[in-house]
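Okay, so here's the structure we're looking at.
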Amino acid sequence: MSTATKPKHIGRNISRIRELKDMKQDALALALGISQQMVSNIENSETVDEQRLIEIAKALGVSVEAIKNFSEEAVFNIIGNTFQDHGTIPIITTGDYNCTFNPLDKVVELYERLVQAEKDKVEYLEKLLNGK
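Listed below in structure tokens is the structure:
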């Protein structure tokens, strides 16, 4: 019985990383300057040309090694081990996306600006009507 391991399916790894990054084939195709059908063909290929792999890695924001060594089990382990402390997934993310502001404060700020703009508009229209 052979104990040789089956080579990794690079196209499937690309597909899973793309999906985990919530990216559609069209978006990846646009980033690579190729058609969506070509991306589909790449994702169905067991091997990918090294130069193309470098381009894909750059478009996905990951390293070539991350694509070659991608393992769903490893991703789930990373997520499971970092979920409680709000960590990031180093294989998939390119940076720390923690908010440095309260989004609700931004909504309130926008609302206040809209209200002020409406007040200014009413004031302007009243001046126009009273001036005639």
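Going by full-length UniProt numbering, the sequence shown runs without a break in its numbering and finishes at 132. For each residue, glycine too, the CB sits at the ideal point set by N, CA and C.
Would residue i and residue j qualify as a contact pair, given that the criterion is a beta-carbon distance under 8 Å?
{"i": "residue 67", "j": "residue 13", "result": "yes"}
{"i": "residue 9", "j": "residue 65", "result": "no"}
{"i": "residue 15", "j": "residue 43", "result": "yes"}
{"i": "residue 28", "j": "residue 57", "result": "no"}
{"i": "residue 48", "j": "residue 17", "result": "no"}
Just how far apart, CA to CA, sit residue i and residue j?
{"i": "residue 37", "j": "residue 71", "result": "25 Å"}
{"i": "residue 26", "j": "residue 124", "result": "47 Å"}
{"i": "residue 112", "j": "residue 52", "result": "49 Å"}
{"i": "residue 109", "j": "residue 102", "result": "11 Å"}
{"i": "residue 92", "j": "residue 23", "result": "Since pLDDT at residue 92 reaches only 48, below the 50 mark, its modelled position is unreliable, and no value is offered."}
{"i": "residue 121", "j": "residue 127", "result": "10 Å"}
{"i": "residue 131", "j": "residue 21", "result": "58 Å"}
{"i": "residue 87", "j": "residue 73", "result": "Here the model assigns residue 87 a pLDDT of 48, short of 50, so the residue's position is not dependable, and the following value carries that caveat. Those two C-alpha atoms are separated by around 17 Å."}
{"i": "residue 11", "j": "residue 117", "result": "52 Å"}
{"i": "residue 41", "j": "residue 69", "result": "20 Å"}
{"i": "residue 95", "j": "residue 129", "result": "Any answer about residue 95 is weak, because its pLDDT of 48 lies below 50 and its placement is not dependable; what the coordinates show is given next. Answer to the nearest angstrom: the Cα atoms are 55 Å apart."}
{"i": "residue 19", "j": "residue 119", "result": "46 Å"}
Worksheet item: Which ranges does the alpha helix (DSSP H) cover as unbroken runs of at least 4 residues, wholly within the UniProt domain "HTH cro/C1-type" (14-67), from first to last along the chain?
Response: 25-32, 36-43, 50-60
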